[in-house]
Amino acid sequence: MGEGETRTESQAEVQTEGLVLQRLREQFGQALLEIKTWRNETTVVLAPQDLVRICRFLRDDPGLAFDFLSDVTGVDRLMLPEPSPRFEVVYHVYSLQYRRRIRLKVRVDNGQAVPTVTDLWPTANWHEREVYDLLGVTFEGHPDLRRILTPDDWEGHPLRKDYPVEASPKWWEEEPA
Amino acid sequence: MSPIRTMTVNMGPQHPSTHGVLRLVLELDGEVVVKCIPHIGYLHTGIEKGLESKRFQQGIPLTDRMDYLAPLSNNLALVLAIEKALGIVPPERGQTIRVLLTELTRIKSHLVWLGTHAMDIGAMSVFLYCFREREAILDLYEAASGQRMMSSFFRVGGLAADLPPGFEERVQAFLETFPARLAEYEALLTKNPLWRQRTVGIGAISREDAIAMALSGPSLRACGVSYDVRKAHPYSGYERYQFEVPLGKVGDVYDRYMVRMAEMYQSHRIAAQALARLAPGPINVADPKLVPPPKPLLKSSMEALIHHFKLYSEGFHVPAGEVYQPIEAPKGELGAYLVSDGGTRPYRVHFRAPSFVNLQALQKMVEGRLVADVVAVIGSLDIVLGEIDR
């Protein structure tokens, strides 16, 4: 890639990532459906029913202490080579103490719910509402699952891949000129 | 006694102290807030959706419009995420200019926060002084990029252009006057009894709650949690700069004020170091597939013409995969999550907007307190609705 220096793989980071994965494998083994590391970032795919117990372990284990939920978001996989299950909910969890980040994912089909993690990290509340609003993934056990960015009576979920980029809502079209 | 004890009041979305279009539904018992329900989304512009239909390079101007008080920080998050996925790092000079400009951006953003926050609480003159300094930084923006606010100056692989002649002297002149100006603002507020009455002990949040709510940036550090992405996961060469991470103790409005004031001194320090490090050299990676060739070359080199044409008609491909790139924006951890399917447009981009997450803690900070404190707390969280609603 030209003369620009390429990123060097930080040995220490790779080792600490390995440590987290090792603890997870010991504890949960089969529940980790897929593990992938790319650009020094580790992704673990989980089944929806395992999400909460694994998150609780990650948060409460003193050697891991993933106490900080950076972000929750979703991806519509409709246009990817493997479009099924359709949706992916992505969690970026961070440990303030050990300065580690790990990405967790669950995959669900349209209409299938994901268990909420608001009991573990209250910050997930608005993030999950956003995923529900923009992608239409529902969260089971969420205390207040309402739309957050679009109006309450909005139709459709804008970040779905089959939702057109340039679409106007019906009430707008029907308004006389 | 009447059976109705509480009264529901709508605050915003067109209320000057809500910093944009935030709407709060407040349930009041006299002047005490019993319940506070924020409503957001009035400024939702579908930036994440829009990015999916634009080529990687084309998406950068959209990000300016998120946190419009710190456009270059938004640029940086997206650009770094794309660079991480590509596996490239810009050369030394490009990185140093990025650091210099984003630290000026932090000062600029904090100045707007200070001015508006102080004005909300009743200190009008601070606002006017802050905007004087902000103007100087906007002039620097304009000199570098041609734009005062929506500068879109960063590019994948480096920068849109090198700094213009005389720019370094102008930054130097600004850096020389700035600490004295900052001391003036501190003289107006820090020990002012009226200011302290309105801020000390107001809107405090504990360390544990702050972490549970995933506060970041100055709002988190005011609680004494030392988490600064520039230190924890340095990017753009931040590991080579000397600076401290200011911390608070109790996490009230006053602590957040103190942390941001101290941060401006630190940003000044980093900017001065960046200026000293600026050495002549390339600003962009030397990859013609990513960075357009210099314009005069198009007339003499067929290859340059082809690269130029390909870059602006098709764009460049980013390998399939996903990355999360956090940066320390003025408001906190701004994360760009990028999913690429190997094409020339991002498959999905999501921004972890610090204002969005920080605002969520508002409810916890204001319930049980007076209405007037709501204004002080909103100001101290330093939110920008453009970023919250995206």
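Line by line, the protein sequences give chains A and B. Counting in this note's numbering, the final residue of the first sequence is number 177, and the numbers go up one at a time with none missing. Counting in this note's numbering, the final residue of the second sequence is number 567, and the numbers go up one at a time with none missing. Cβ coordinates follow ideal geometry from the N, Cα and C atoms, glycine included. Here the structure is a predicted model, which means the values were calculated and not measured.
{"Item": "Around the C-beta of B/Gly-197, are 16 or more other C-beta atoms found within 10 angstroms, so that it is buried, or is it exposed?", "Value": "buried"}
{"Item": "For B/Ile-565, which residues from the same chain have a beta carbon less than 7 angstroms from its beta carbon, with the 5 sequence-adjacent residues on both sides left out?", "Value": "Ile-217, Ala-530, Ser-532, Phe-533, Leu-536"}
{"Item": "Determine the extent of the alpha helix (DSSP H) in which B/Trp-372 is found, giving its start and end residues.", "Value": "370-376"}
{"Item": "In the DSSP assignment, what residue or residues form a beta bridge with A/Gly-156?", "Value": "For A/Gly-156, which the question treats as bridged, DSSP gives no partner whatsoever."}
{"Item": "Quick check: the Cα distance between A/Phe-87 and B/Gln-349, rounded to an integer number of angstroms?", "Value": "51 angstroms"}
{"Item": "Under 8 angstroms, do B/Tyr-404 and B/Ser-557 count as touching if we go by C-beta distance?", "Value": "no"}
{"Item": "Between which two residues does the alpha helix (DSSP H) harbouring B/Ile-560 extend?", "Value": "Premise fails: B/Ile-560 is in no alpha helix (DSSP H) and is neither H nor E."}
{"Item": "Is any beta-carbon of chain A found at less than 8 angstroms from that of B/Asp-566?", "Value": "yes"}
{"Item": "Given A/Arg-129, which residues of its chain have a CB within under 8 angstroms of its CB, disregarding the five upstream and five downstream residues?", "Value": "His-142, Asp-144, Leu-145, Arg-146, Arg-147, Ile-148"}
{"Item": "For B/Met-390, return the contacting residues in chain A, with the cut-off set at a CB-CB distance below 8 angstroms.", "Value": "Pro-122, Thr-123"}
{"Item": "Short check: CB of B/Leu-336 to CB of B/Phe-330, under 8 angstroms?", "Value": "yes"}
{"Item": "If you count every other CB in all the chains shown that lies within 10 Å of the CB of A/Phe-139, and 16 or more means buried, which is it?", "Value": "buried"}
{"Item": "Contact defined as beta carbons within less than 8 angstroms: I believe A/Val-45 pairs with A/Leu-69. What is the distance between those atoms, to the nearest angstrom?", "Value": "Not a contact, Cβ separation roughly 18 angstroms."}
{"Item": "Among the candidates B/Val-256, B/Leu-277, B/Pro-268, B/Ser-250, whose CA atom is the shortest distance from the CA of B/Ser-286?", "Value": "B/Ser-250"}
{"Item": "Alpha carbon to alpha carbon, how far is B/Glu-269 from B/Pro-459? Give it in angstroms, no decimals.", "Value": "8 angstroms"}
{"Item": "Give me, in chain order, the residues of the same chain whose beta-carbon lies closer than 6 angstroms to that of B/Asp-518; leave out the 5 immediate sequence neighbours on both sides.", "Value": "Ala-497, Tyr-524"}
{"Item": "Counting pairs of beta carbons, one from the stretch 431-446 of chain B and one from the stretch 366-382 of chain B, are three or more of them closer than 8 angstroms?", "Value": "yes"}
{"Item": "Cβ of A/Phe-66 less than 8 angstroms from any chain B Cβ?", "Value": "no"}
{"Item": "Taking C-beta pairs closer than 9 angstroms, name the residues in chain B that A/His-92 reaches, listed in chain order.", "Value": "Tyr-501, Pro-503, Gly-512, Tyr-514, Arg-529"}
{"Item": "CA-CA distance, B/Val-548 and B/Ile-298?", "Value": "12 angstroms"}
{"Item": "Note down, in chain order, every chain B residue with its Cβ under 8 angstroms from the Cβ of A/Glu-41.", "Value": "Glu-499, Val-500, Tyr-501"}
{"Item": "Grouping DSSP H, G and I as helix and E and B as strand, with all else coil, what is A/Ala-12?", "Value": "Its pLDDT being 49, under 50, A/Ala-12 is placed unreliably in this model, and the coordinates cannot settle the point."}
{"Item": "Of all the residues that make up the stretch 209-231 of chain B, which are near chain A by a beta-carbon distance shorter than 8 angstroms?", "Value": "Ile-217, Gly-218, His-221, Gly-223, Glu-225, Lys-226, Gly-227, Glu-229, Ser-230"}
{"Item": "Specify whether the stretch 386-404 of chain B and the stretch 498-508 of chain B touch according to this definition: at least 3 beta carbon pairs, one from each stretch, less than 8 angstroms apart.", "Value": "yes"}
{"Item": "Compare the C-beta of B/Arg-525 against all C-beta atoms of chain A and say whether one is closer than 8 angstroms.", "Value": "yes"}
{"Item": "Using a Cβ-Cβ cutoff of less than 6 angstroms, which residues in the same chain neighbour B/Ser-322 once the five nearest sequence positions on both sides are dropped?", "Value": "Ser-328, Phe-330"}
{"Item": "How about B/Gly-334 and B/Pro-267: do their beta carbons lie closer than 8 angstroms?", "Value": "yes"}
{"Item": "Expressed to the nearest angstrom, what Euclidean distance is found between the alpha-carbon atoms of B/Pro-471 and B/Glu-280?", "Value": "28 angstroms"}
{"Item": "What in chain A is Cβ-close to B/Phe-533, meaning under 7 angstroms?", "Value": "Trp-126"}
{"Item": "For the alpha helix (DSSP H) containing A/Arg-99, name the first residue and the last one.", "Value": "Neither: A/Arg-99 is in no alpha helix (DSSP H) and is coded neither H nor E."}
{"Item": "Report yes or no: is there a C-beta of chain B within less than 8 angstroms of the C-beta of A/Leu-33?", "Value": "no"}
{"Item": "By the DSSP assignment, the alpha helix (DSSP H) with A/Glu-130 in it spans what residues?", "Value": "124-135"}
{"Item": "Chain A beta carbons: is any one of them nearer than 8 angstroms to that of B/Gln-537?", "Value": "yes"}
{"Item": "With a threshold of 8 angstroms between beta carbons, is B/Val-402 in contact with chain A?", "Value": "yes"}
{"Item": "Taking all protein chains shown into account, decide if B/Ile-388 is buried (16 or more other Cβ within 10 angstroms of its Cβ) or exposed.", "Value": "buried"}
{"Item": "In chain order, what residues of the same chain have a beta carbon less than 7 angstroms from the beta carbon of B/Leu-228, not counting five sequence neighbours either side?", "Value": "Gly-236, Leu-239, Pro-523, Val-526"}
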